[in-house]
Every structure is written in C-alpha cells, then in structure tokens.
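Report on one structure; see the data block that follows.
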Amino acid sequence: MIAASAGHLPVVESLVKHGADVSLQNEGGQTALHYAASKNRIDIVKLLLENKADTNQVNNIKQTPL
Numbered sequence: 001m002i003a004a005s006a007g008h009l010p011v012v013e014s015l016v017k018h019g020a021d022v023s024l025q026n027e028g029g030q031t032a033l034h035y036a037a038s039k040n041r042i043d044i045v046k047l048l049l050e051n052k053a054d055t056n057q058v059n060n061i062k063q064t065p066l
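First residue of the sequence shown? That's 1 in full-length UniProt numbering, and the numbers climb one at a time after it.
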C-alpha cells in the first residue's frame with residue numbers, strides 16, 4: 001500500500017508478480033487501489049486493475065477506491 005501511494009511502480013509490479021494480494025485491506029479498510037487512486041497514480045491504478053483489484057471494495061467509511 002505504501003508503494004502504491006508513493007508511486008513506486010517497479011515495487012508494486014514486483015509485489016504483484018510475486019503473488020501479493022491486491023485486495024488486501026488495512027485497519028481502515030483501504031486497499032492499494034484506494035491509495036493509488038487518491039494520489040492520482042494512474043500507472044499503478046491500471047496495474048492493479050489489470051490484476052483484478054476490486055473497484056467496489058469499500059473502506060471503513062464506505063468509500064470505494066474510485
């Protein structure tokens with residue numbers, strides 16, 4: 001999630017390649033997609049969506065990533 005938020009595409013690519021769960025939520029219910037979208041990291045958003053990130057997954061305050 002930190003890599004997605006910070007815009008570290010190579011790190012996110014490596015994590016996904018090695019089986020990272022793109023739908024994993026933190027204590028606030030946020031996913032990597034929430035973070036990437038909120039920081040306008042379009043390249044990472046595309047990568048996460050290509051790897052089946054859920055656009056309907058809500059966080060603890062019922063916000064979707066997009």
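Each residue gets a CB set at the ideal place from its N, CA and C atoms; glycine is no exception.
Ignoring anything shorter than 4 residues or poking outside the UniProt repeat "ANK" (28–60), list the alpha helix (DSSP H) runs there in chain order. 32–38 and 42–50
By the three-class DSSP mapping on this structure, what secondary structure does Pro65 have? In the sequence shown, counting from the first residue as 1, residue 65 sits at position 65. Coil.
My parser needs the alpha helix (DSSP H) runs of 4 or more residues fully inside the UniProt repeat "ANK" (1–27); what are they? 2–6 and 9–17
Using only the alpha-carbon positions, how far apart do Gly7 and Lys62 sit? As a first step, residue 7 is located in the sequence shown; it is residue number 7 there, counting from the start. As a first step, residue 62 is located in the sequence shown; it is residue number 62 there, counting from the start. If I take the Cα positions, the gap works out to 24 Å.
Inter-residue spacing [alpha-carbon to alpha-carbon] between Val22 and Val45: Along the sequence shown, read from residue 1 onward, the residue named residue 22 stands at position 22. Along the sequence shown, read from residue 1 onward, the residue named residue 45 stands at position 45. Approximately 11 Å, taken between the alpha carbons.
Give every residue of the same chain whose Cβ lies closer than 8 Å to the Cβ of Val11, excluding the five residues on either side of it in the sequence, and list them in chain order. Locating residue 11 in the sequence shown gives position 11, where the first residue counts as 1. If we look at Val11 and ignore the five residues flanking it on each side, its Cβ neighbours are Ala3.
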